[in-house]
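The numbering used here numbers the first residue of the sequence shown as 439 and each following residue consecutively. Here's the structure we're looking at; comments come further down.
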Amino acid sequence: MLNTLANHGFLPHNGRHITLDIIKSAFSDGINMGDDIAVGTFTPGLATNPDPNADYIDLDMLNKHNVIEHDGSMSRRDEYFDPTNPFDAGTFNQFLSYFGTAQTSDVTSISNARARHIQQMSSLNPTMNVTEAREGTSAGECAFMLAVWGSPDNPVAKRSYFEYFFRNERFPVVLGWSPTDTALTVPTLLQIAQDITDASPAGIPLTFAPRAG
Numbered sequence: 439m440l441n442t443l444a445n446h447g448f449l450p451h452n453g454r455h456i457t458l459d460i461i462k463s464a465f466s467d468g469i470n471m472g473d474d475i476a477v478g479t480f481t482p483g484l485a486t487n488p489d490p491n492a493d494y495i496d497l498d499m500l501n502k503h504n505v506i507e508h509d510g511s512m513s514r515r516d517e518y519f520d521p522t523n524p525f526d527a528g529t530f531n532q533f534l535s536y537f538g539t540a541q542t543s544d545v546t547s548i549s550n551a552r553a554r555h556i557q558q559m560s561s562l563n564p565t566m567n568v569t570e571a572r573e574g575t576s577a578g579e580c581a582f583m584l585a586v587w588g589s590p591d592n593p594v595a596k597r598s599y600f601e602y603f604f605r606n607e608r609f610p611v612v613l614g615w616s617p618t619d620t621a622l623t624v625p626t627l628l629q630i631a632q633d634i635t636d637a638s639p640a641g642i643p644l645t646f647a648p649r650a651g
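And the structure:
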């Protein structure tokens, strides 16, 4: 999402010297997100700056395992296979396959897709490590997608919006999308994320530890 905001000019195109105020403005103007989400994004990112006195981040500082990228990603191969973290069409296509022919995604369908996708990736990656905290992050990412490409009040996203965003790193404005009138805040995001976790299919684990040996 941060790269997309930069591609549209809401963040500096060069991804450099991004302060909290810049993040707040970008989130508000680009996708109608509250300042609390901006703070929640910026604060852990700031810890990646090697200068302990810095008040800004560069986007390339965030390209570290478990900062944004993590095992079981919707659209990236696990670090075990590719530490450079580019978009991977094969990984994303596998995630989408769990939606079948459905043209929208809601809490139930994205919960099912997320769980089955991560389980499949775990069978290939012997170092797969998804803790409870990372599981919460994964659910939060899915909640974010439903709220942004749908709305916080009605978290149902058009598949075309979802796909366009991931494949192009651009907002699907050409498809008719515009930011929702209702600002997304942390409490709403957390509730949708919890609903996604609660809707997970029975019998499929949500956390994984590296396999011994």
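Glycine residues also receive a C-beta, built at the ideal position from the N, C-alpha and C atoms.
Contact set for residue i: own chain, Cβ-Cβ below 8 Å, skip 5 residues either direction
i, result
"residue 606", "none"
"residue 521", "503"
"residue 598", "541, 610 and 613"
"residue 527", "605"
"residue 467", "448"
Residue(s) in a DSSP beta bridge with residue i
i, result
"residue 624", "Residue 624 is not bridged to any residue."
"residue 525", "514"
"residue 546", "In DSSP, residue 546 forms no bridge with anything."
"residue 646", "568"
Residue of the options minimising C-alpha distance to residue i
i, options, result
"residue 565", "509, 468 and 450", "509"
"residue 649", "513, 518, 506 and 538", "518"
"residue 635", "534, 448 and 578", "578"
"residue 567", "646, 585, 477 and 537", "646"
"residue 632", "609, 571, 612 and 611", "571"
"residue 543", "640, 623, 601 and 470", "601"
"residue 532", "507, 524, 540 and 559", "559"
"residue 500", "465, 486 and 551", "486"
"residue 483", "599, 583 and 457", "457"
"residue 551", "480, 479, 588 and 640", "640"
"residue 623", "581, 611 and 613", "581"
"residue 538", "554, 447, 443 and 618", "554"
"residue 588", "536, 614 and 642", "614"
"residue 507", "597, 450, 576 and 593", "576"
"residue 505", "493, 440 and 557", "440"
"residue 573", "488, 491 and 642", "642"
"residue 561", "545, 595, 594 and 516", "516"
"residue 480", "493, 524 and 535", "493"
"residue 644", "583, 629 and 557", "557"
"residue 545", "490, 563, 596 and 443", "596"
Contact set for residue i: own chain, Cβ-Cβ below 7 Å, skip 5 residues either direction
i, result
"residue 454", "496"
"residue 530", "512, 513 and 604"
"residue 618", "470, 589 and 590"
"residue 536", "550, 551, 554 and 555"
"residue 621", "470, 471 and 472"
Own chain residues within Cβ distance below 6 Å of residue i, not counting five before or after
i, result
"residue 476", "461, 462 and 465"
"residue 512", "533"
"residue 626", "590"
Whole-number beta carbon distance between residue j and residue i, since they are thought to touch under 8 Å
i, j, result
"residue 549", "residue 638", "5 Å"
"residue 451", "residue 608", "About 13 Å separates the two Cβ atoms, so there is no contact after all."
Which full runs of the beta strand (DSSP E) of 3+ residues lie inside the segment 447 to 514, going along the chain? Counting only runs of at least 3 residues, the segment 447 to 514 fully encloses no beta strand (DSSP E) element at all.
Segments assigned alpha helix (DSSP H), at least 4 residues, entirely inside the segment 563 to 602: 570 to 587
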